[in-house]
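Counting with full-length UniProt numbering, you get residues 1 to 525 for the letters of the sequence shown.
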Amino acid sequence: MRHKPAAAEASVTLQQPEVVILCPFTGIQQTFPCSNWLDEKKADGLIERQLYEMVSLRKKRLKKFPWSLWVWTTDLKKAGTNSPIFIQIYGQKGRTDEILLNPNNKWFKPGIIEKFRMTLMNTLTKDKYNFNCNRWLDANEDDNEIVREMTAEGPTVRRIMGMARYRVTVCTGELEGAGTDANVYLCLFGDVGDTGERLLYNCRNNTDLFEKGNADEFTIESVTMRKVRRVRIRHDGKGSGSGWFLERVLVREEGQPESDNVEFPCLRTQEDSEEPGELTAPRLPTRWLDKDKDDGQLVRELLPSDSNATLKNFRYHISLKTGDVPAASTDSRVYVKLYGDKSDTIKQVLLVSDNNLKDYFERGQVDEFTLETLNIGPVNRLVIGHDNMGMHASWFLGSVQIHVPRQGKQYIFPANRWLDKDKADGRLEVELYPSDVVDIQKLIHYEVEIWTGDVGGASTTARVYMQIYGEEGKTEVLFLSSRSKVFERASKDTFQVCVGKAVGCQQRVRQMSESGGIGSQPGEL
């Protein structure tokens, strides 16, 4: 490694005391330590150095191989576009992320073939595939859709998969302020892949979408998934009063009777059969998609009504450390996407911190967030970036830590780099791999439902705690927290709690509250 001392004061020292080289084809990442000046007037005066690999720091990454892509635009009038064009490729072992083909809004001109080079993971077959479309992607043409799925054809394709149309009904709750003006996105997951995330805008029966009490109907065309197993739904939080009170989603194949609808509830209800003397709670939805209510999440994973959706969800606690260097903080919206051995999350914007800091991503600060989703398996990598918006957009990311109590694992991702279009390599997004995976105490997950009675003065604004006693001991004192207003008269509130040890068969529960006054102490309820 060397430089030419063209300027009078030319000198170089590496921002990090090493050079890291990653070969995508082999997946091998090598580290070459340096920690020396390249300067004729400093240290030993050398401007050229030989660096040697520190083999103990060698790491294996996922292999990525080059593929060629040709996109034909028809020669019809107005067939071209300069809108951002994305592609996502599905295979037997998974799918790629969405890949932007024209980052500079390059035109796709009528009758022209555009050529692209992509890198795909774990794929080097040299096979050729054709994907025929011959349809508009236009909000004002054909069926007004801007997403198309195409099945693979070619000499190595044994069976061409069929297409299906799914009727999706999104039901908004009846509570005051339940509706939203935010953009809503949905993805269906089935036995064979998923639909990819779709913006819900082309409604069949309503012009004002996602209003209080609405049942908005949409059609999603995709490669057949056989049976739909899961629904992921979210909104982008944009607009004033964007919080949304979602009741349920209904899904069936188009042409099937409404009785074939599969219900994916976004609510928790009492059991249908109640023992005599039990307190009867009203059948109320409890799931907001609102950064200021419930658990602050804007994304929900929904399972069919005959599944225990809540207890299958995992919580991924993310700690982001901003570096302690000048101008390290950012005003941009930061997002993260986690990849596991089983699945991955969406690229989720981090809007609500668990440690309630006033300003996010400040110099030397640690910001904590929680993602709740189905189990994606052991975390093997992540993508993190920001939207480059705000008065001070650049960001120096120190590290990322992910705690998964139900796995008993903590994943450590060092970064120590700028995410800034004008610094370092100019990237605003980076892919990170864990440098270390640490065993932590594996926590046990409980779902707690508390029904407040229907009598005068039954509600409370006090902080409420509980403790569970069992045959093998007791839990620590647990604080029942929520961003929503809870413990209202004749209401049921559901909480997720994690404890450090099993207590065996539960024998009793101790509940406590404090008035919130000066010097107040918890007392038995």
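Every residue gets a Cβ at the ideal spot worked out from N, C-alpha and C, and that includes glycine.
- First and last residue of the uninterrupted beta strand (DSSP E) at residue 321: 313-322
- Query: Assuming residue 314 and residue 437 make a contact with CB atoms under 8 angstroms, what is their CB distance in whole Å?
  - Reply: With 8 angstroms as the limit, residue 314 and residue 437 do not qualify as a contact, their Cβ atoms being about 16 angstroms apart.
- Query: Which residues bound the beta strand (DSSP E) around residue 61?
  - Reply: From DSSP, residue 61 is part of no beta strand (DSSP E); its letter is neither H nor E.
- Query: What do you reckon, are the CB atoms on residue 165 and residue 253 nearer than 9 angstroms?
  - Reply: Taking 9 angstroms as the Cβ cut-off, residue 165 and residue 253 qualify as a contacting pair.
- Item | Three-state secondary structure assigned by DSSP to residue 259 | helix
- Task: State the beta-bridge partners of residue 130 as determined by DSSP.
- Result: The beta-bridge partner set that DSSP reports for residue 130 consists of 153.
- Message: One question on the structure: do residue 395 and residue 329 come within less than 9 angstroms of each other, judged by their Cβ atoms?
- Response: Cβ atoms of residue 395 and residue 329: closer than 9 angstroms.
- Task: Helix, strand or coil for residue 517, going by three-state DSSP, please let me know.
- Result: Note that residue 517 scores a pLDDT of 41, beneath 50, so its modelled location is shaky and nothing firm can be said.
- What's the gap between the Cα of residue 225 and the Cα of residue 507? 45 angstroms
- To the nearest angstrom, report how far apart residue 474 and residue 482 are at their CA atoms. 23 angstroms
- Message: Closer than 8 angstroms to a non-hydrogen atom of the ligand ADP - does that hold for the CB of residue 334?
- Response: Looking for the ligand ADP in the displayed structure turns up nothing, as the structure carries no ligands at all.
- Item | The beta strand (DSSP E) enclosing residue 169, as first and last residue numbers | 163-172
- Message: Taking the straight line between their C-alpha atoms, what separation do you get for residue 369 and residue 383?
- Response: 15 angstroms
- Item | Alpha carbon of residue 85 to alpha carbon of residue 298, nearest angstrom | 26 angstroms
- What does residue 496 pair with, by DSSP beta-bridge criteria? Residue 496 pairs with 447.
- Taking residue 467 and residue 478 to be in contact with their CB atoms under 8 angstroms, please state how far apart those CB atoms are, rounded to whole angstroms. Between residue 478 and residue 467 the Cβ distance is about 7 angstroms, and since that is below 8 angstroms, they are a contact.
- Message: residue 371 and residue 411 - do their beta-carbons sit closer together than 9 angstroms?
- Response: no
- Pick out whichever of 449, 176, 501 and 22 has its Cα sitting closest to the Cα of residue 440. Per the Cα distances, 501.
- Task: Out of 139, 364 and 418, point me to the one whose CA is closest to residue 322's CA.
- Result: 364
- Using the C-alpha atoms, what's the distance from residue 435 back to residue 513? Roughly 43 angstroms separates the two Cα atoms.
- Out of 358, 51, 342 and 245, which has the shortest C-alpha to C-alpha gap to residue 19? 51
- Message: Cutting at 7 angstroms between CB atoms, please list the residues of its own chain near residue 156, excluding the five before and the five after it.
- Response: 127.
- Query: So, is residue 345 buried or exposed, given that buried needs 16 or more other C-beta atoms within 10 angstroms?
  - Reply: buried
- Query: Between the C-alpha atoms of residue 120 and residue 21, what's the straight-line distance to the nearest angstrom?
  - Reply: 19 angstroms
- Classify residue 399 as helix, strand or coil using the three-state DSSP reduction. Secondary structure of residue 399 (DSSP, three-state): strand.
- DSSP on residue 503, reduced to helix/strand/coil? coil
- Under 8 angstroms by Cβ, that's how I've got residue 390 and residue 332 pegged, so tell me the actual separation to the nearest angstrom. So it is a contact: roughly 5 angstroms between Cβ atoms.
- Query: Candidates 362, 361, 464 and 367: which alpha carbon is nearest residue 355's?
  - Reply: 367
- Item | Residue range of the unbroken beta strand (DSSP E) whose run includes residue 415 | 409-419
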